[in-house]
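In the UniProt record's numbering, the protein residues as written are 1 to 60.
The next block holds one structure in the form of structure tokens; read it before the comments.
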Amino acid sequence: MTDAMDTNALLAELARILNVTDIDASTLQLCTKLIDQGVDPKKLASAIKNIKNETQSVAR
1 MTDAMDTNAL LAELARILNV TDIDASTLQL CTKLIDQGVD PKKLASAIKN
51 IKNETQSVAR
């Protein structure tokens with residue numbers, strides 16, 4: 001396994017342990033890449049929450 005695969009597996013396991021069920025492995029991988037490119041993790045989390053809230057309100 002490569003380091004990237006190890007990191008992705010660890011992130012997926014951490015999400016599972018923390019009961020973060022609404023984010024999949026590919027989304028975690030994308031978030032990791034964005035953070036590696038310099039995106040602020042707090043701003044990224046806020047954007048994800050906003051998108052989630054907007055999609056939930058549209059679905060209602």
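All C-beta atoms in this analysis are idealised placements derived from N, C-alpha and C, irrespective of residue type, glycine included.
Computed from a prediction, not measured in an experiment: that's the story for all the values here.
Spatial neighbours of residue i within its chain, please: C-beta separation below 8 Å, excluding the five flanking residues on both sides.
| i | result |
| --- | --- |
| Leu44 | Cys31, Leu34, Ile35 |
Can you tell me the Cα-Cα spacing of residue i and residue j, whole angstroms?
| i | j | result |
| --- | --- | --- |
| Val39 | Ala47 | 11 Å |
| Met5 | Ser57 | 35 Å |
| Leu11 | Ala25 | 8 Å |
| Lys52 | Thr2 | 31 Å |
| Arg60 | Ile23 | 20 Å |
| Val20 | Thr27 | 12 Å |
| Ile17 | Lys49 | 19 Å |
Quick one: residues in its chain with C-beta nearer than 7 Å to the C-beta of residue i, no 5 flanking neighbours on either side, listed in chain order?
| i | result |
| --- | --- |
| Gln29 | Asn8 |
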